[in-house]
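In the numbering used here, the protein residues as written are 1 to 187. For glycine and all other residues, C-beta sits at the position ideal for the given N, C-alpha and C. In what follows, a structure is listed as structure tokens, so that the remarks can point back to it.
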């Protein structure tokens, strides 16, 4: 008898439009080639709204219906990406300009999933939500970080886009892929 996978790993994010995603992807590839950090290449460029969680496959319809219901109550809004920044000693990212709508959306989604689906978001030592598009992370060696940050902090990055959908990403074949798109209301 074949062993059946009962749960899968998901996370929820906002993805920038193709043209901005391509620019961010190019920076990720640059980081991989210059500084041997490939971890960020395992997912499309994104702003995480809800950290990865496990979910039973047989309950996928319930998950999708619930996220759809949440998104029907949320309006689209603009996001401004600005400059590169870092969390020492391993993470380099494209920063997001202060955005109350994004913070409120993330907080509302976290609460919605907890109440409606009993899915809890990982709170990293109760740090506030800091949206960003990751360029290099966990596998960037601490010893290499100063050189990588010196290289990337010189780069310019300014883009704006309309966040008009949430995305459910699923972990498969050792990488994250879009599983479902959930449109937001025109805001």
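Under 8 Å by Cβ, that's how I've got residue i and residue j pegged, so tell me the actual separation to the nearest angstrom.
i, j, result
"residue 182", "residue 165", "6 Å"
"residue 107", "residue 187", "At roughly 17 Å, the Cβ-Cβ gap does not stay under 8 Å, so residue 107 and residue 187 are not in contact."
"residue 94", "residue 102", "That belief does not hold up - the Cβ atoms of residue 94 and residue 102 are roughly 14 Å apart, past 8 Å."
Going by beta carbon distance, what residues of the same chain come within less than 8 Å of residue i, once the five residues before and after it are set aside?
i, result
"residue 161", "16, 17, 20, 78, 79, 81"
"residue 169", "10, 11, 12, 13, 43, 44, 46, 176, 177, 178, 179"
"residue 40", "28, 31, 32, 134, 135, 136, 137"
"residue 66", "112, 113, 116, 117"
Where DSSP assigns a beta bridge to residue i, which residues make up the other side?
i, result
"residue 103", "Answer is none; residue 103 lacks a bridge partner."
"residue 163", "77"
"residue 13", "48, 167"
"residue 188", "What is shown of the chain runs 1 to 187, which leaves residue 188 out entirely."
"residue 132", "95"
Once DSSP output is grouped into helix, strand and coil, what is the label at residue i?
i, result
"residue 140", "coil"
"residue 72", "helix"
"residue 172", "strand"
Using a beta-carbon distance below 8 Å, is residue i in contact with chain C?
i, result
"residue 118", "Of the chains in the structure shown, none is chain C; there is only one protein chain."
Take residue i and list the residues in its own chain whose beta-carbon comes closer than 6 Å to its own, dropping the five residues that flank it on each side.
i, result
"residue 185", "75"
Starting from the C-beta of residue i, find all residues in its chain whose C-beta is less than 7 Å away, skip the five residues before and the five after it, and write them out in chain order.
i, result
"residue 129", "103, 106"
- Message: Would you call the stretch 100-114 in contact with the stretch 46-66, where contact means no fewer than 3 C-beta pairs closer than 8 Å?
- Response: Judged by Cβ distances under 8 Å, the stretch 100-114 makes contact with the stretch 46-66, as three or more pairs qualify.
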